[in-house]
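Enquirer: What follows is a single structure, and I will ask about it in a moment.
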Amino acid sequence: MRALKAPVRKTRHPVAGSGVDHGVPRGTSPGHMLLMARGNSLMSNISYASLVALASASLSTPAFAQVDPDASGAGSDAIVVTATRSGEGIAADKLGGSVTILDSVALDQRQTRIVSDILRDVPGVAVSRTGAVGGLTQIRIRGTEGNHVLVLVDGIEVSDPYNGEYDFGALIADPEARIEVLRGQQSALYGSDAIGGVIHYMTLSGADAPGFVVRGEGGSFGTFNGAARAAGNSGTFDYAISGAYNHTNGTPSARNGVRDIGSDIVGLSAKVGWQPTDGVKINAVARYSLNDAQANNSDNNPASATFGYLIDSPGVHFRNQGFYGLLGAEFTGLDGRWITNVSGQFADITRKNFDGGALDFGSKGRRYKGSAVTSLRLGDDAFSHRLTAAVDVEREQFRTLSTSPFAFIGERHIDNVGIVGEYELAVRDVLNLGASVRRDENDRFADATTFRVQGSLRVTGTTRLRGAYGTGIKNPGYFELYGYSDGRYIGNPNLKPEKSKGWEAGVDQAIGSVASFGVTYFDSRLQDEIFVTYPAPAFVATPANRSTLSKQHGLEFLFSLHPLPQIRLDANYTLLRARENGAVEVRRPRHSGSVNATVMSADQRFSGTLTLRYNGAQTDAAYIDPSFVPVTVRLKDYALVNLNAEYRLLGNLSIFGRIENLTDEDYEDVFSVATPGRAAYAGVKARF
Numbered sequence: 004m005r006a007l008k009a010p011v012r013k014t015r016h017p018v019a020g021s022g023v024d025h026g027v028p029r030g031t032s033p034g035h036m037l038l039m040a041r042g043n044s045l046m047s048n049i050s051y052a053s054l055v056a057l058a059s060a061s062l063s064t065p066a067f068a069q070v071d072p073d074a075s076g077a078g079s080d081a082i083v084v085t086a087t088r089s090g091e092g093i094a095a096d097k098l099g100g101s102v103t104i105l106d107s108v109a110l111d112q113r114q115t116r117i118v119s120d121i122l123r124d125v126p127g128v129a130v131s132r133t134g135a136v137g138g139l140t141q142i143r144i145r146g147t148e149g150n151h152v153l154v155l156v157d158g159i160e161v162s163d164p165y166n167g168e169y170d171f172g173a174l175i176a177d178p179e180a181r182i183e184v185l186r187g188q189q190s191a192l193y194g195s196d197a198i199g200g201v202i203h204y205m206t207l208s209g210a211d212a213p214g215f216v217v218r219g220e221g222g223s224f225g226t227f228n229g230a231a232r233a234a235g236n237s238g239t240f241d242y243a244i245s246g247a248y249n250h251t252n253g254t255p256s257a258r259n260g261v262r263d264i265g266s267d268i269v270g271l272s273a274k275v276g277w278q279p280t281d282g283v284k285i286n287a288v289a290r291y292s293l294n295d296a297q298a299n300n301s302d303n304n305p306a307s308a309t310f311g312y313l314i315d316s317p318g319v320h321f322r323n324q325g326f327y328g329l330l331g332a333e334f335t336g337l338d339g340r341w342i343t344n345v346s347g348q349f350a351d352i353t354r355k356n357f358d359g360g361a362l363d364f365g366s367k368g369r370r371y372k373g374s375a376v377t378s379l380r381l382g383d384d385a386f387s388h389r390l391t392a393a394v395d396v397e398r399e400q401f402r403t404l405s406t407s408p409f410a411f412i413g414e415r416h417i418d419n420v421g422i423v424g425e426y427e428l429a430v431r432d433v434l435n436l437g438a439s440v441r442r443d444e445n446d447r448f449a450d451a452t453t454f455r456v457q458g459s460l461r462v463t464g465t466t467r468l469r470g471a472y473g474t475g476i477k478n479p480g481y482f483e484l485y486g487y488s489d490g491r492y493i494g495n496p497n498l499k500p501e502k503s504k505g506w507e508a509g510v511d512q513a514i515g516s517v518a519s520f521g522v523t524y525f526d527s528r529l530q531d532e533i534f535v536t537y538p539a540p541a542f543v544a545t546p547a548n549r550s551t552l553s554k555q556h557g558l559e560f561l562f563s564l565h566p567l568p569q570i571r572l573d574a575n576y577t578l579l580r581a582r583e584n585g586a587v588e589v590r591r592p593r594h595s596g597s598v599n600a601t602v603m604s605a606d607q608r609f610s611g612t613l614t615l616r617y618n619g620a621q622t623d624a625a626y627i628d629p630s631f632v633p634v635t636v637r638l639k640d641y642a643l644v645n646l647n648a649e650y651r652l653l654g655n656l657s658i659f660g661r662i663e664n665l666t667d668e669d670y671e672d673v674f675s676v677a678t679p680g681r682a683a684y685a686g687v688k689a690r691f
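At position 378 of the sequence shown the residue is numbered 381 (this note's numbering), and the sequence of numbers has no breaks.
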């Protein structure tokens, strides 16, 4: 089980941290293990029993690659840019692997404010958040770890180099954006981290969504959310500037607490493009994120009746800040058949945790990455080949920010060079095949070779068969290697990278033009899994590599119904089994799914969406034993119901409102961490 890592302390802070296994947060201190379990990372638990049919929908809902995109909101021509390094992308209905596209209309129809919320509508995805908006949020795909998911924002790798994964708690939705979620091993394209899959959040360009948008809303828990975007395209110049802000006074995060845990989240983004000639494009991206939030510790007094439970902790808060940038140039020749792209990017993430106004602990991580990609397309529409080669040069730097005398505060870095080769074959609109291989030369760990093959065969005009097989790798993080000790945790510089291999097979079926369904079976194996040991008699936590296998397999179901232009229903359901050497892994629900149903008036002035998101029962690791050895506990299943509506008053002005957690469900994603109850919001939006 894995959760975002945090420096080692006896108190437990619900921020920062990464990793746990079987309830043992890998790379976290015993104090933080209460909130962050790994491998079982934030969500884990599984077994096999019933089939629950649930769904996800919205009038223009996501395009599911495992379901014929003709029945999806994005359309059959939806292009997945993340599924290939060529720069041209590939049509969703020609991809052998599984992908979900959440387009800007889907985000808007569901009134998405926090990106992690809508990711609950993606098959195979599990979301865990520690309390209210702004709390540490981890994403797991197909039962893998939170740090087994590569996260890109506008092409920039945004995971914290120190923690080894991305905290979705700070990602708020821009007015015009799109999300691609690839499932399955993708290390052959992207290297370390992409074991469970890739999530790519993209703000739309000025050409894709020109104009000005402004939105403001308020509601429960002293919440205010505002966003604005200005974008345009003048032919050779393209720009899009957006910003979003979310404030909430919050709700108690301790199970029996009264202290509200509030947050302030800021997201700013700028994208510009310039085409000086027909064959040359220059693009740049800049992004800033800030999450300033309160937090609670857990009780560290073994004599207390609440030992190991989250408790109200006045004066505890954290401030996470990130700066990101990318500059690239694309050169096109041979009538568009030859594309070469060179780019450089950086990520700079600082995380600071405070107690009583003083710095308690923190971390600093930086990533510098340069890439060169060239792709050549040969043949014609009936029979085409595409050859792609890429080189990625990357340096990650990290250090601990702490006043503890036990902390190692020296800076470390890891250099890596990845070389990628990719081949894609398309035979008319019937057969699509792809293969990729990557060699990573690393100055800290053993060099690694990963590969992936996939294929799609359209048997009839309405039936498609597809499948994929791939391998993945995940390098240990700074805290796992060099984490300090206060007598409870010691890092292990001899850790080996984790390795994964897996396959999937699926079928998509369209039923006329009004419905479609799809089913996918997947199976993965993880070896050398990093977990935390507690050897007696001292029970000092130390990360190590397992000698046994972690196994994940399951089924993903999708259904879409669009009987009338004004009605749409989409549903998905995932059945997951995740075991490590036969033991259930924590924070992974066996059953999960969602339903989205949208209706719209004939004149399109009114629309309403009902959303049901189900998270099955799961286990978690509770640190309620004075030895700090985790105890397995059970978290009950829950269903979250949201209802929203929008009405266009004038051509450019709309009013909207929504109710979240309509049934006032009492649930926990993490042991002893309380979550918000029923909430209502209303606002105004204008487009020009």
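No residue lacks a Cβ here, since even glycine has one placed at the ideal position from N, Cα and C.
On a predicted model such as this, the values are computed, not experimentally measured, just so you know.
What residues in its chain sit with their C-beta under 7 Å from that of G3, if we drop five residues either side in the sequence?
Expert: The shown model of the chain, from 4 to 691, leaves out residue 3, and the question about it has no answer.
Enquirer: Taking the C-alpha atoms as reference points, what is the distance between G276 and S292?
Expert: In a straight line, the C-alpha of G276 is about 22 Å away from that of S292.
Enquirer: With 16 other CB atoms within 10 Å as the buried threshold, where does P164 fall?
Expert: Buried, since its Cβ has 16 or more Cβ neighbours within 10 Å.
Enquirer: Could you tell me the boundaries of the beta strand (DSSP E) in which E559 lies?
Expert: Run containing E559: S553 to L567, per the beta strand (DSSP E) assignment.
Enquirer: Inspect the CB distances between the stretch 594-602 and the stretch 570-584 and report whether three or more fall short of 8 Å.
Expert: Short answer: they touch.
Enquirer: When you compare the CB positions of A296 and G137, do they come within less than 8 Å of one another, or not?
Expert: Yes, they are a contact pair.
Enquirer: Within the same chain, show all residues whose beta-carbon is closer than 6 Å to that of T115, passing over the 5 residues directly before and after it, in chain order.
Expert: Correct list, in chain order: I121 and A176.
Enquirer: Fully enclosed by the stretch 84-169, which beta strand (DSSP E) runs are 3 residues long or longer?
Expert: 101-105, 128-132, 140-144 and 152-156, all fully within the stretch 84-169.
Enquirer: Using alpha carbons as the reference points, say which of G194, S223 and N647 lies closest to D2.
Expert: For the chain, the structure presents residues 4 to 691; residue 2 sits outside this window and is missing.
Enquirer: Consult DSSP for F525 and reduce its assignment to one of helix, strand or coil.
Expert: In the structure shown, F525 sits in a strand (DSSP, three-state: E or B).
Enquirer: Is it right to say L656 is buried, meaning 16 or more other beta carbons lie within 10 angstroms of its own, or is it exposed?
Expert: Exposed, since its Cβ has fewer than 16 Cβ neighbours within 10 Å.
Enquirer: Assess contact between the stretch 223-237 and the stretch 468-478, defined as three or more Cβ pairs (one per stretch) separated by less than 8 Å. Is contact present?
Expert: No, the stretch 223-237 does not touch the stretch 468-478.
Enquirer: Would you say the stretch 431-446 touches the stretch 398-405, given that touching needs at least three Cβ pairs under 8 Å?
Expert: As far as the Cβ criterion goes, the stretch 431-446 does not touch the stretch 398-405, which means the pair count is below three.
Enquirer: CB N236 to CB A210, shorter than 8 Å?
Expert: Yes, Cβ-Cβ distance for N236 and A210 is below 8 Å.
Enquirer: Can the beta-carbon of V125 be found closer than 8 Å to that of V84?
Expert: Contact: no.
Enquirer: Tell me the rounded alpha-carbon separation between V2 and G146.
Expert: Nothing about residue 2 can be reported from this structure: the residues present for the chain run from 4 to 691 only.
Enquirer: Skipping 5 residues on each side, what residues in its chain have a beta carbon closer than 6 Å to that of T343?
Expert: Excluding residues within five positions, the ones whose Cβ falls inside 6 Å are F334 and T377.
Enquirer: Take S610 as the anchor and find which of Y617, Y626, F659 and K639 has the nearest alpha-carbon.
Expert: The shortest C-alpha separation from S610 is found at F659.
Enquirer: Examine the ligand ATP and report whether any of its heavy atoms sits within less than 7 Å of the Cβ of I662.
Expert: This structure simply doesn't include the ligand ATP, nor any ligand for that matter.
Enquirer: Taking the alpha carbon of G654 as the point to measure from, which residue in A547, Q607, R380 and S630 has its own alpha carbon closest?
Expert: The shortest Cα separation from G654 among A547, Q607, R380 and S630 belongs to Q607.
Enquirer: Straight-line CA distance for F310 to D302?
Expert: Between F310 and D302, the C-alpha separation is close to 5 Å.
Enquirer: Three or more C-beta pairs under 8 Å: does that hold for the stretch 546-557 against the stretch 492-506?
Expert: The stretch 546-557 is in contact with the stretch 492-506.
Enquirer: Just the C-alpha distance for I493 and P540, rounded to the nearest angstrom, thanks.
Expert: Taking the straight line from one Cα to the other gives about 15 Å.
Enquirer: Check this for me: beta carbons of Y312 and S675, under 8 Å apart or not?
Expert: Yes, the Cβ-Cβ distance between Y312 and S675 is below 8 Å.
Enquirer: Please return the same chain residues whose Cβ sits closer than 6 Å to the Cβ of I285, not counting the five positions on each side in sequence.
Expert: Excluding residues within five positions, the ones whose Cβ falls inside 6 Å are W277 and A332.
Enquirer: Buried or exposed: which applies to H250, given that a residue is buried once 16 or more other Cβ atoms fall within 10 Å of its Cβ?
Expert: Burial call: buried.
Enquirer: Determine, using beta carbons only, whether I159 and A350 come nearer to each other than 8 Å.
Expert: In contact: I159 and A350 (Cβ atoms closer than 8 Å).
Enquirer: At the level of alpha carbons, what is the spacing between V673 and T133?
Expert: Whole-angstrom Cα-Cα distance: 6 Å.
Enquirer: Leaving out five residues on either side along the sequence, give the residues of the same chain with a beta carbon under 6 Å from the beta carbon of T465.
Expert: Correct list, in chain order: A513.
Enquirer: Please classify K639: is it buried, with 16 or more other beta-carbons within 10 angstroms of its beta-carbon, or exposed?
Expert: K639 is exposed by the Cβ-count criterion.
Enquirer: Among I198, N166 and A109, which residue has its Cα nearest to the Cα of K504?
Expert: That would be I198, whose Cα lies nearest to the Cα of K504.
Enquirer: Cα separation between A308 and T678?
Expert: Answer to the nearest angstrom: the Cα atoms are 22 Å apart.
Enquirer: Measuring CB to CB, does R469 end up less than 8 Å from G172?
Expert: Against a cut-off of 8 Å, the Cβ pair of G172 and R469 comes out as no contact.
Enquirer: In this structure, does DSSP put L653 in helix, strand or coil?
Expert: Three-state DSSP puts L653 in coil, outside helix and strand.
Enquirer: To which residues of the same chain is E671 closer than 6 Å at the C-beta, ignoring the five residues directly before and after it?
Expert: Once the five neighbours on either side are set aside, the close Cβ partners of E671 are L638.
Enquirer: Pick helix, strand or coil for A66, following the three-state DSSP scheme.
Expert: Only weak support exists for where A66 lies, its pLDDT of 37 falling under 50; the value from the coordinates is given anyway. Here A66 sits in strand by DSSP.
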